[in-house]
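Using full-length UniProt numbering, you'd call the opening residue of the sequence shown number 1 and step up by one each time. The C-beta atom is built at its ideal place from N, Cα and C for all residues, glycine as well. Here the structure is a predicted model, which means the values were calculated and not measured. Inspection log for the structure reproduced underneath, given as structure tokens.
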Amino acid sequence: MVPVVRVMRGCDVLAHSDALRSVYLDAFSAPPWNEDEEQAAEFAERLRDDARRPGFTAALAVAGRDVLGFASGWTTLTPFPTDRSYPQVAAGLGARRTNDWLCGAFEVDELAVRPGAHGSGLAGKLLAAATEGAPGGRSWLLTSVRTPRAMAFYHRQGWAQATHPSSDGKGIVVFLGPRHPARGLVPLPL
């Protein structure tokens, strides 16, 4: 059965929270993430709050009754947040670029696809569907440099790496979406 991508806004996604928790666990239980059942439960708990964030959008890939993957995110607040990994993002971009490029943009928080659907193009479809309504085409995400496959995937999808990884090789990098107006301002090469 060919998966169908459905876009949901706000708390509508919560009807699928068990399925999303299951996809999350399947997608992130292997290295380099090594997430376990407890972390998948924490994701499901966060999802209840995240679904209430301004601009929350989720794209779900559904085949019959099975959810094969999802992408989710929201509009980044102004002023730029200081919890989670946001301080690393701000340090990598600097205060002015962080404010100008990321505040008010659509922030992709999660992209997860069940391993059996890898290589099918589903992740790209989910990412495109979740970011389609990004304000002014402005979307961004961060990922760990411990995931060279993910970094290569984002490059293939037309995302521009906007920050250098930390020198210890364990940091994060910021990517700007294919329609982000600042992507041409990213210093090259990265």
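Rounded to whole angstroms, what's the CA-CA distance from residue i to residue j? Just pull it up for me.
i	j	result
ALA59	ALA95	31 Å
ARG114	ASP12	22 Å
ILE172	SER144	4 Å
LYS125	ALA91	31 Å
GLY133	VAL7	10 Å
PRO178	PRO3	24 Å
LEU25	HIS180	30 Å
LEU141	GLY10	19 Å
SER139	THR76	9 Å
GLU35	ARG146	14 Å
VAL174	THR57	20 Å
GLU107	ASP50	12 Å
LEU93	LEU14	33 Å
ARG97	ALA123	28 Å
From the options, pick the residue whose C-alpha is nearest to that of residue i; which is it?
i	options	result
HIS118	ARG6, ARG149, PRO181	ARG149
ALA112	ASP50, ARG146, ALA61	ALA61
PRO135	HIS164, THR147, ALA105	ALA105
GLU45	VAL5, THR57, HIS16	HIS16
TRP101	PHE43, ARG84, LEU176	LEU176
PHE80	ARG52, CYS103, ALA129	CYS103
Is residue i helix, strand or coil by DSSP?
i	result
LEU68	strand
TRP159	coil
GLY184	helix
THR57	strand
VAL2	coil
GLY73	strand
GLU42	helix
PHE106	strand
ALA15	helix
Exposed or buried, residue i, counting other C-beta atoms within 10 Å across all chains shown (16 or more means buried)?
i	result
VAL183	Correcting the residue type first, residue 183 is Arg in the shown sequence and not Val. With 16 or more other Cβ atoms within 10 Å, it is buried.
GLU38	exposed
ALA162	buried
SER72	buried
GLY69	buried
GLU110	buried
ASP18	exposed
ALA27	buried
THR82	exposed
LEU185	exposed
THR78	exposed
ASP41	A quick correction: the sequence has Ala, not Asp, at residue 41. Answer is exposed; the Cβ neighbour count stays below 16.
ALA30	exposed
ALA152	exposed
Per DSSP, which residues does residue i bridge with? Please list them.
i	result
THR143	VAL173
MET8	ALA58
LEU111	ALA71
ALA95	Looking at the DSSP assignment, ALA95 forms no beta bridge with any residue, so it has no partner.
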